[in-house]
Amino acid sequence: MSAQGSGAAAHPGQLATAAVRALSPYVPGKPISELEREYGVTDIVKLASNENPYGPSPAAIAAMHAAVASAWLYPDGSAHELKQALAVHLEVPAPWLTVGNGSNELLLMLAETFLNAQCSAVCSQYGFAIYPLVIRATGAACLEAAAHPPAAAMPYGHDLAAMARAVRPDTRLVFIANPNNPTGTWVDHEALRSFIEAVPAHALVVLDEAYYEFATLSGCPSVLPWVADHPNLIMLRTFSKGYGLAGLRVGYAVSHPEVADAMNRYRPAFNVSNVAQSAAIAALGDQEHVQVAARRIVAERERMAAALRALGVPVAPSAGNFLMVEAGADAPRIYDQLLRGGVIVRPIGGYGLPRHLRVSVGLPEQNERLLRLLGPLLPGR
Ligand SMILES: *Cc1c(COP(=O)(O)O)cnc(C)c1O
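Numbering of the sequence shown is given in the numbering used here, commencing with residue 15 and proceeding in unit increments.
Okay, structure coming up:
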């Protein structure tokens, strides 16, 4: 090749598929190190990524240390022991399980396995941002059902009737986060069962229970008991939130074994590290740790919601470890002022909610710091 290269190589980005070029990248919460660099602030509290401030079980940390010694070996690609542990814990057969590098990878695997440019997938307005991303990357049409209006009991939440109407003959996947991120809202359990039963057999329903450990304490039950009787239902969970292992990247799907088999064909050969598999097994064995943290977080969430409402701020009901707060037209300025005060929250303008901020529930003293900073910044103050 000449020094200048070919004309095409001058713009190698143009070689990406049209579907990928049209994507807007996912914007994560601002990392602590970035805020330190940009604003020179120290003693930072991050309430931006729904991480669990209680962290993982000490047993999981010990298992990670022990597993590091075998990091020179490839991990067990089939995650046999982790699947056995999950099978016992969930009381499901191991062949129903698929383990992913976070549930994010499972979402990618589902899209790559079931979608192409000839089909469509349904998701909800204000739904989790990764769904449209994985759908559109395959060239499939992303059918976004309108969410409930702001004044509804579940403001901005999934409208199952609208989602059912959005399903077309070419629809292969329907994505529901329950509870949903960033809204925190959830769907009625009986309505959800009717929805799953009414969806035609050519569409699989992906029920993302990333916040299960908090949801189960908040009146938002799991669909796990339905998987056996509903071959078109796929339940996703993760170790990132309730188990405090977001940095490790482990999630899993429970589905009909034929769905698991199909996903396994595309799964990267060694997608979950040996350190992650060992930690997840140990974490599963310490349910007490998970339960204590989840109970504290749910109690704090309700305390914070009440404190915010007392300040006159509308807060959506939440079954997760976070709250969606209506900060008003000044939301971007409030976000910036909080950053200067050392507290990182999540702006959600990218979700079409520019007047709202999403706030993860932290330790009590962290939440207090947020409330103290927020009070004087709010509308009308
Ligand atoms: C946080 C979150 C996940 C978890 O993603 P991981 O890749 O498992 O860390 C999945 N779905 C939703 C709706 C989430 O908010």
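We treat Cβ as the ideally placed atom computed from N, Cα and C, and that holds for glycine.
Pair within 8 Å by beta-carbon distance, residue i and residue j
i: P331; j: M177; result: no
i: G69; j: G258; result: yes
i: T112; j: A242; result: no
i: P61; j: V327; result: Correcting the residue identity first, residue 61 is Leu in this sequence and not Pro. Their beta carbons are not under 8 Å apart, which means L61 does not touch V327 by this criterion.
i: R150; j: A33; result: yes
i: N335; j: P89; result: no
i: N86; j: V268; result: The amino acid occupying residue 86 in the given sequence is Trp; Asn does not appear at that position. No.
i: A125; j: Q139; result: no
i: N64; j: N192; result: no
i: R12; j: R372; result: Shown here, the chain extends from 15 to 395; a query on residue 12 therefore has no answer.
i: L392; j: Y170; result: no
i: L262; j: L104; result: no
i: R383; j: V55; result: no
i: A180; j: V136; result: yes
For residue i: DSSP bridge partner residues
i: D222; result: A191, L250
i: L337; result: V373
i: C156; result: A135
i: A267; result: T112, L250
i: R383; result: DSSP, once it has assigned bridges, lists no residue as partnering R383.
i: T185; result: S134
i: V357; result: V59
i: L367; result: I362
Residue nearest to residue i in terms of C-alpha spacing, selected from the options
i: I362; options: A32, A99, H370; result: H370
i: A341; options: L388, R354, A297; result: L388
i: K255; options: P271, H244, A308, F284; result: A308
i: V286; options: E272, A297, V264; result: V264
i: T199; options: F209, A166, R182; result: A166
i: A229; options: R315, S84, A93; result: R315
i: S117; options: L384, F189, H172; result: F189
i: Y266; options: W240, G43, A319, A101; result: A101
i: P183; options: S134, T197, A143; result: S134
i: D300; options: A77, G43, L49, E48; result: A77
i: V75; options: G141, V312, A297; result: According to the sequence shown, residue 75 is Ile rather than Val. Considering only alpha carbons, the answer is A297.
i: Q132; options: A205, R323, A155; result: A155
i: V312; options: N66, M123, H172; result: N66
i: V201; options: A81, N278, L377, A175; result: A175
i: E379; options: T185, I58, A73, M123; result: I58
i: H244; options: A260, G43, E211, G233; result: E211
Within-8 Å CB hit, residue i to chain D
i: Q301; result: Absent from the structure is chain D; it holds one protein chain and no more.
Return the chain-ordered ranges of every beta strand (DSSP E) run that is complete within the segment 51–129 and spans a minimum of 3 residues.
Annotation: the segment 51–129 contains the following complete segments of the beta strand (DSSP E) (minimum length 3 residues), in chain order: 111–114.
Pairs of beta-carbons, one from the segment 207–222 and one from the segment 333–349, closer than 8 Å: are there three or more?
Judged by Cβ distances under 8 Å, the segment 207–222 makes no contact with the segment 333–349, as fewer than three pairs qualify.
Are the segment 245–265 and the segment 218–227 touching, with three or more C-beta to C-beta distances below 8 Å?
Touching, yes.
Contact between the segment 33–44 and the segment 137–152 is defined here as three or more beta-carbon pairs at a separation below 8 Å; is this criterion met?
In short, these stretches touch, since the Cβ pair count reaches three.
In the segment 277–331, which residue ranges form an unbroken alpha helix (DSSP H) of at least 4 residues, counting only runs that do not cross its ends?
As summarised for the segment 277–331, the continuous alpha helix (DSSP H) elements at least 4 residues long and confined to that stretch are 288–298, 301–324, given in chain order.
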